[in-house]
Amino acid sequence: MIRPDNRAKPTNRSTEILRQAHSKQAARRAVVEISEIAHMSPPNARPNEQEFASVSDAVAAFGLDVNRAAITKRCMEGLVRDTLSVMDVSSAMRKAGIPPVVVQETMRRAKSIRYRRKRQGRDDEIVAKAKAFPEGTVRTHGGRQVVKRGGKWVPHAGTDANKELGSAGKKGAGAKTDAPASKPSKKKTKAKPKAKAKKPAAKKPKAAKDAKGKKGEAPKSKHKQADVAERFDALKARALEAGIQIRGKLNDKHTHDHLDKLEARLNAHLAKQGEKAKAGADGAEPPKAGGDAPEAGKDAQGAPEGPGHPTDDSGRASGHDVPTEPHELHRLQQQVHDLTDRLAKVEKRLTKPHQKAQYKELLDYARGSQKSPSPQAVSWLEQQIKSFIALVTGVAVGVAAGPVAGAAAGAATKNILGKSEDVVWFSGGKLVVGDLEKAERPSGSGWHAIPGGRHGGMRKRGAKGYDYWYPSAKAARGAAGHHNREAQEALKR
Numbered sequence: 002m003i004r005p006d007n008r009a010k011p012t013n014r015s016t017e018i019l020r021q022a023h024s025k026q027a028a029r030r031a032v033v034e035i036s037e038i039a040h041m042s043p044p045n046a047r048p049n050e051q052e053f054a055s056v057s058d059a060v061a062a063f064g065l066d067v068n069r070a071a072i073t074k075r076c077m078e079g080l081v082r083d084t085l086s087v088m089d090v091s092s093a094m095r096k097a098g099i100p101p102v103v104v105q106e107t108m109r110r111a112k113s114i115r116y117r118r119k120r121q122g123r124d125d126e127i128v129a130k131a132k133a134f135p136e137g138t139v140r141t142h143g144g145r146q147v148v149k150r151g152g153k154w155v156p157h158a159g160t161d162a163n164k165e166l167g168s169a170g171k172k173g174a175g176a177k178t179d180a181p182a183s184k185p186s187k188k189k190t191k192a193k194p195k196a197k198a199k200k201p202a203a204k205k206p207k208a209a210k211d212a213k214g215k216k217g218e219a220p221k222s223k224h225k226q227a228d229v230a231e232r233f234d235a236l237k238a239r240a241l242e243a244g245i246q247i248r249g250k251l252n253d254k255h256t257h258d259h260l261d262k263l264e265a266r267l268n269a270h271l272a273k274q275g276e277k278a279k280a281g282a283d284g285a286e287p288p289k290a291g292g293d294a295p296e297a298g299k300d301a302q303g304a305p306e307g308p309g310h311p312t313d314d315s316g317r318a319s320g321h322d323v324p325t326e327p328h329e330l331h332r333l334q335q336q337v338h339d340l341t342d343r344l345a346k347v348e349k350r351l352t353k354p355h356q357k358a359q360y361k362e363l364l365d366y367a368r369g370s371q372k373s374p375s376p377q378a379v380s381w382l383e384q385q386i387k388s389f390i391a392l393v394t395g396v397a398v399g400v401a402a403g404p405v406a407g408a409a410a411g412a413a414t415k416n417i418l419g420k421s422e423d424v425v426w427f428s429g430g431k432l433v434v435g436d437l438e439k440a441e442r443p444s445g446s447g448w449h450a451i452p453g454g455r456h457g458g459m460r461k462r463g464a465k466g467y468d469y470w471y472p473s474a475k476a477a478r479g480a481a482g483h484h485n486r487e488a489q490e491a492l493k494r
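Position one of the sequence shown corresponds to residue 2 (this note's numbering), numbered consecutively onward.
#1: Tell whether a beta-carbon distance below 7 Å holds between Leu271 and Ala235.
#2: For the candidate residues Lys119, Gly152, Gln146 and Val229, whose alpha-carbon lies nearest to that of Ala133?
#3: Looking only at its own chain, which residues have a Cβ that is under 7 Å from the Cβ of Val229, when we skip the five neighbours before and after it?
#4: Would a C-beta distance cut-off of 7 Å place Leu344 and Val379 closer than the cut-off?
#5: Considering only their Cβ atoms, is the gap separating Ser370 from Val337 smaller than 7 Å?
#6: Suppose you measure from the CA of Arg145 to the CA of Val139; what does that come to, to the nearest Å?
#7: Is it true that the CB of Ala367 sits closer than 7 Å to the CB of Thr341?
#8: May I ask you to report which of helix, strand or coil DSSP gives Ala158?
#9: Closer than 8 Å by C-beta to Met94: which residues in its own chain qualify, once you throw out the five before and the five after it? Chain order, please.
#10: Do you know how far the Cα of Thr84 is from the Cα of Gly122?
#11: Whole angstroms is fine: what's the gap from Leu241's alpha carbon to Ile247's?
#12: For the alpha helix (DSSP H) containing Arg343, name the first residue and the last one.
#13: Under a Cβ-count criterion, where at least 16 other Cβ atoms within 10 Å of its own Cβ denotes burial, should Gly249 be classed as buried or exposed?
#14: Classify Ser222 as buried or exposed, calling it buried when 16 or more other Cβ atoms lie within 10 Å of its own Cβ.
#15: In whole angstroms, what is the alpha-carbon distance linking Pro135 and Ala70?
#16: Which of the three DSSP states is assigned to Ala450 in this structure?
#17: Let me know if Gln384 comes out buried or exposed under the rule of 16 or more other beta-carbons within 10 Å of its beta-carbon.
#18: Are Ala111 and Val81 closer than 7 Å when you measure CB to CB?
#19: Evaluate Ser446 with the Cβ neighbour count: other Cβ atoms within 10 Å of its Cβ, from every protein chain shown; 16 or more gives buried, anything less gives exposed.
#20: Along the chain, where does the alpha helix (DSSP H) containing Ala359 start, and where does it finish?
#21: Within a Cβ cutoff of 7 Å, which residues of the same chain sit near Glu326, ignoring the five residues on either side of it in sequence?
#22: Using the Cα positions of Ala265 and Arg350, report the straight-line distance between them to the nearest angstrom.
#23: Give me the Cα-Cα distance between Leu364 and Val347, rounded to the nearest whole angstrom.
#24: Which class does Arg95 belong to by DSSP, given the choice of helix, strand or coil?
#25: Give the straight-line distance between the Cα atoms of Leu263 and Lys96, rounded to the nearest whole angstrom.
#26: Using the beta-carbon count (16 or more within 10 Å), is Glu78 buried or exposed?
#27: Using 10 angstroms around the beta-carbon of Met459, count the other beta-carbons present and answer buried if the total reaches 16, otherwise exposed.
#28: Given a cut-off of 7 Å, decide if Val323 and Ser375 are closer than it, judged by their beta-carbon atoms.
#29: In terms of residue numbering, what span does the beta strand (DSSP E) encompassing Thr141 cover?
#30: Put Arg145 into one of helix, strand or coil per three-state DSSP.
#31: According to DSSP, Lys153 sits in a beta bridge with which residue or residues?
#32: Do you know how far the Cα of His355 is from the Cα of Arg232?
#33: Any idea if Gln377 is buried or exposed, counting beta-carbon neighbours within 10 angstroms, 16 or more meaning buried?
#34: Suppose the cutoff is 8 Å on Cβ atoms and the five residues either side in sequence are ignored; what does the same chain contact list for Gly98 look like?
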């Protein structure tokens with residue numbers, strides 16, 4: 002054991018600083034002291050009294066005694082020399098009562114020392130290899146030619162003299178520079194066809210250099226680059242107007258050719274988006290039947306009708322009958338009323354003209370169906386409203402009754418408009434989102450509140466992982482980053 006008076010003596014300036022710093026920073030500096038001692042000591046040497054005193058002084062500010070400091074030092078040596086695993090070290094240090102912050106800092110410091118040793122070994126290996134090559138050797142290193150001069154590798158200028166020197170160096174260390182010059186007549190005839198064969202190959206680097214020169218002209222003219230930047234900003238603004246976000250930054254290599262491709266992709270996406278919106282508004286027609294309506298825009302009672310209202314005379318004649326039982330009629334009317342309420346809740350989120358037009362058509366149709374709805378009309382309206390809410394919110398929202406309606410199974414549910422904030426992605430299992438306003442919590446077996454009550458969600462273990470339920474799309478998006486890395490990456494897109 003170390004005497005108290007020896008422990009009281011500081012061995013260097015850092016320990017004196019540590020005595021005054023009672024914090025995590027003191028622990029970090031203490032571990033630095035321990036690691037330095039472990040790094041400098043011989044592999045099989047036992048720690049002597051001097052090292053014990055230094056270690057104990059270094060960690061005294063954090064409340065470690067000499068024995069724990071010695072354990073820390075041994076664990077550091079084991080990690081650096083790869084004789085102890087991380088699990089062994091963590092278990093041993095925690096059992097010894099060493100604070101977690103010291104354990105973490107010990108592992109971090111040991112990793113740093115191991116990396117430094119490996120790098121030093123690599124540097125020594127490179128130096129050894131460099132010594133093995135003769136003077137004047139030409140090699141390709143990192144995509145460029147280098148030549149050995151004065152024991153160091155320097156950039157190769159590419160002149161004929163350097164090439165000859167490099168070829169002479171490759172032949173052997175004992176080769177002399179005047180040896181090839183002493184036999185010019187013997188190698189002239191053999192060198193001519195080689196030179197002819199190499200002439201077209203020699204032109205390729207020139208072409209490459211010319212191409213590089215042409216590429217290098219773009220950054221020289223600042224006006225061209227400014228035009229590219231202005232055009233890119235205009236494309237981003239145009240995309241944002243349509244609800245699409247273009248990510249990425251310009252660099253010096255981007256030209257108008259790249260922007261042409263980007264603009265073509267944007268136009269194609271906008272065209273596709275318009276087709277989907279048109280198909281959602283007009284493509285899926287409500288139930289219709291043959292025959293002429295008595296009067297366009299009005300039914301028998303004179304009530305205004307929505308587009309393609311299925312409760313006109315032609316609809317009744319084709320089998321789309323309104324139920325005669327009062328309770329059935331009341332049930333359908335209540336269902337249409339609920340659908341209308343759910344549709345009205347997303348009105349404030351509509352920003353695009355085609356969304357507002359589609360919303361108005363669906364609302365008019367729902368109001369027209371409210372008086373005398375048929376089962377076919379209600380079914381069609383439910384399907385259309387469900388698709389429209391999913392389009393606006395970016396999450397498949399259940400519109401049917403029930404606590405777990407509208408399950409979005411699979412890998413991803415993404416808004417086709419491309420809004421990054423409307424992306425929700427869960428790996429495994431499925432995502433269940435309730436009504437936008439009504440938080441109907443699932444009551445089946447297996448559902449439990451998420452620990453901590455984050456975002457008011459619940460989860461249940463499924464076949465491929467946890468199934469999640471959230472009261473709204475906003476809550477689901479807010480919780481996506483808490484579950485896995487895929488969700489975090491998806492939210493960044």
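The beta-carbon is built from N, C-alpha and C at its ideal position, and this holds for glycine as well.
Well, looking at it:
#1: no
#2: Residue Gly152 is the option with its Cα nearest to Ala133.
#3: Within the same chain, Leu251, His255, Thr256, His257 and Leu260 come within 7 Å of Val229 by CB-CB distance, once the 5 residues on both sides are set aside.
#4: no
#5: yes
#6: Approximately 10 Å between the Cα atoms of the pair.
#7: Yes, the pair counts as a contact, with Cβ atoms nearer than the cut-off.
#8: coil
#9: Ile72, Thr73, Cys76, Val103, Val104 and Thr107
#10: 19 Å
#11: Distance between the alpha carbons of Leu241 and Ile247 is about 8 Å.
#12: Pro327 to Ala345
#13: When all chains shown are included, Gly249 counts as exposed.
#14: Note on Ser222: pLDDT 46, under 50, position unreliable in the model; the coordinate value appears next. Under this definition Ser222 is an exposed residue.
#15: Linking Pro135 to Ala70 through their CA atoms gives a straight-line distance of about 51 Å.
#16: strand
#17: exposed
#18: yes
#19: exposed
#20: In the sequence under discussion, the amino acid at residue 359 is Gln, which differs from the Ala named in the question. Annotation for Gln359: the continuous alpha helix (DSSP H) segment containing it runs Pro354 to Ser370.
#21: Counting only residues of its own chain and dropping the five nearest sequence neighbours on each side, Glu326 has no CB closer than 7 Å to any other CB.
#22: 29 Å
#23: 12 Å
#24: helix
#25: 60 Å
#26: buried
#27: So Met459 ends up on the buried side.
#28: Yes; because the gap between Cβ atoms is below 7 Å, this pair is in contact.
#29: Val139 to His142
#30: If DSSP states are grouped into helix, strand and coil, Arg145 belongs with the strands.
#31: Arg150
#32: 27 Å
#33: buried
#34: Arg69
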